[in-house]
């Protein structure tokens with residue numbers, strides 16, 4: 065949805081752990097997606113790039129982004145796929161909860177699906193199968 069007059073603050077989280085570390089290959093695709101969602105010129109993006117395993121809970125840029133989300137600095141987080149956020153489901157859930165609590169939209173440019181439906185399925189699974197689950 066395009067909201068006139070409000071510039072969205074977008075954080076592009078790009079984590080790679082393979083030999084091709086060229087995040088610029090994604091920028092045009094992200095620009096088109098953000099233009100389509102918010103309108104050209106209605107967003108400003110900052111890059112959070114790191115070369116790291118998605119299972120490492122101490123990723124510097126990941127922790128910085130979570131902290132800034134909690135501080136209210138971002139309207140939207142853009143990533144290429146949901147598993148870029150984390151390869152550990154607990155880390156993924158903590159990240160998504162921080163986004164939810166701070167009204168931060170999470171956009172996955174390439175499927176197979178957005179992060180929000182994955183987050184909701186994991187929440188439901190925890191409620192259904194783990195008695196006393198504190199999963200929101």
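Numbering (our numbering), first residue to last: 65 to 200.
The beta-carbon is built from N, C-alpha and C at its ideal position, and this holds for glycine as well.
None of the values given here were measured: they were computed from a predicted structure.
- The beta strand (DSSP E) runs of length 3 or more contained entirely in the segment 119–189 are, from start to end of the chain, 140–143, 169–172.
- In this structure residue 194 is exposed. Its beta-carbon is surrounded by fewer than 16 other beta-carbon atoms within 10 angstroms.
- Excluding residues up to 5 positions away in sequence, 149, 150 lie with their Cβ nearer than 7 Å to the Cβ of residue 156 in the same chain.
- Counting C-beta pairs closer than 8 Å gives three or more between the segment 77–97 and the segment 110–128, which meets the contact rule.
- Residue pairing from DSSP places residue 111 in a beta bridge opposite 76.
- Taking C-alpha positions only, residue 129 is separated from residue 187 by approximately 22 Å.
- Contact check for residue 108 and residue 71: beta-carbon distance about 6 Å, within the 8 Å limit, so the pair qualifies.
- For residue 105, there is no enclosing alpha helix (DSSP H), as DSSP marks it with neither H nor E.
- For the 9 Å CB-CB criterion, residue 142 and residue 133 do not form a contact.
- It is roughly 18 Å from the alpha-carbon of residue 181 to the alpha-carbon of residue 166.
- Residue 86 and residue 185 have their C-alpha atoms roughly 32 Å apart.
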